[in-house]
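Just so you know, the protein sequences line up as chains A and B, in that order. Just so you know, we're using this note's numbering here: the first sequence kicks off at 815 and counts up by one. Just so you know, we're using this note's numbering here: the second sequence kicks off at 2 and counts up by one. Cβ coordinates follow ideal geometry from the N, Cα and C atoms, glycine included. None of these values were measured; they are calculated from a predicted model. Contents: one structure, followed by commentary.
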Amino acid sequence: MSGTWAWLLHRVSAVLLIPLLALHFAIMHFVDPTQTITFAGSSLRLQGALYLVADTLLLATALYHGLNGVRNVILDYWPRAARGAAWVLWILGLLALGYGTTALAAIARG
Amino acid sequence: MAATEPRALASRAGAREVRVYADLAPRRYRAGMWAFALHRISGLAIALFLLLHIWEITSVTRGGAQGFDQTMARLAVRPFVIGEFLLFLAVVFHGINGVRLVLMDMGAGVRRQKALFWWVLGISAAVIVYGAFFFARRFAAYPWSL
């Protein structure tokens, strides 16, 4: 992927992450801060289609933004390793996305 | 024309060396450099947390509902509440400073970037104080260890 596309996607994911993460944090920590997370509670939430879509989108955008951020750091200090690192980060990201989506689906299924 | 090329390259290489050095010398930081360093450190911390968070949530695919609940119960202790609060600090700063970076990329406020950084710190502090009440309640409700 060219640098411009990576840069643009970094910005787009950033803008998406602000409301998604604010919502995620508010629901998980501010609605009832004393509550412990349980399978039953998470399952109930993820059965709402909107919540499932929002969480999956959050997973994908957070992974892209985070791992591309790591690539940016590598690009600054060790530019010759950036191309190889990008491959490793893409594989790591896709694996984490697949694994994470599987988990979300399993929780939603109940 | 050709003669300027190597000089340009040399000065660019020189600039890089200075910048790498400046990265690692906080005593020489000015406001913009603090913004850069804090954004970078908080970003790396959040990225590391993200991977751990995915590992924690996917406990459901390894141990089913029971495995998930066991993992969550193990995390419902004060040391992790402190960790979550530190994560909250990092996310709030990174997000609000990120808005400033997106604005600057669009050409807005470039000349006022230093003043905007103070705004970022102020707004972050306000959000953090607001959130601190919720984390305090969580902290009070949980034991130090199981």
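* Tell me whether the beta-carbon of A/Y913 lies closer than 8 Å to the beta-carbon of B/T59. => yes
* Asked: Is the CB of A/L881 under 8 Å away from at least one CB in chain B?
  -> yes
* What does B/R101 reach in chain A if we use C-beta pairs closer than 7 Å? -> Those within 7 Å of B/R101 in chain A number zero; the least Cβ separation is about 11 Å.
* To do: Output the boundary residues of the alpha helix (DSSP H) element that contains B/F81.
  => 79-106 is the extent of the alpha helix (DSSP H) around B/F81.
* Evaluate B/L135 with the Cβ neighbour count: other Cβ atoms within 10 Å of its Cβ, from every protein chain shown; 16 or more gives buried, anything less gives exposed. => As written in the sequence, residue 135 of chain B is Phe, which differs from the Leu given in the question. B/F135 is buried by the Cβ-count criterion.
* **Cβ neighbour criterion (16 or more within 10 Å) applied to A/R897** => exposed
* Continuous alpha helix (DSSP H) stretch holding B/W120: start and end -> 114-142 is the span of the alpha helix (DSSP H), which, as asked, contains B/W120.
* Asked: Between the C-alpha atoms of B/A4 and B/V93, what's the straight-line distance to the nearest angstrom?
  -> Confidence at B/A4 is low in this model, with a pLDDT of 41, below 50, so its placement is unreliable and the value that follows should be read with caution. The alpha-carbon of B/A4 is positioned some 48 Å away from that of B/V93.
* Any chain A beta carbon closer than 8 Å to B/G64 -> Chain A, which has no Cβ nearer than 8 Å to the Cβ of B/G64, makes this no.
* Looking at B/R79 and B/W145, is the spacing between their C-beta atoms short of 8 Å? -> Cβ distance < 8 Å, so B/W145 and B/R79 count as in contact.
* Along chain A, which residues have their Cβ under 8 Å away from the Cβ of B/R139? -> H843, P847, T848
* Look at the Cβ atom of B/G110, then the Cβ atom of B/L102, and state whether they are nearer than 8 Å. => Not in contact: B/G110 and B/L102 (Cβ atoms no closer than 8 Å).
* Asked: Could you give the distance in angstroms between the alpha-carbon of A/A820 and the alpha-carbon of A/L831?
  -> 16 Å
* To do: Using the Cα positions of A/G883 and A/T848, report the straight-line distance between them to the nearest angstrom.
  => Spanning the two alpha carbons is a distance of roughly 33 Å.
* Asked: So is A/L877 in contact with chain B if we call contact Cβ pairs under 8 Å?
  -> For A/L877, the answer is yes, since a Cβ of chain B falls inside 8 Å of its Cβ.
* Cβ shell of A/H824 (< 6 Å), same chain only, five flanking positions each side left out -> N882
* Chain-order list of residues whose beta-carbon lies under 8 Å from that of A/L918 (same chain, five-residue window excluded) -> Taken in chain order, the residues that qualify are L860, L866, D869, T870, L873.
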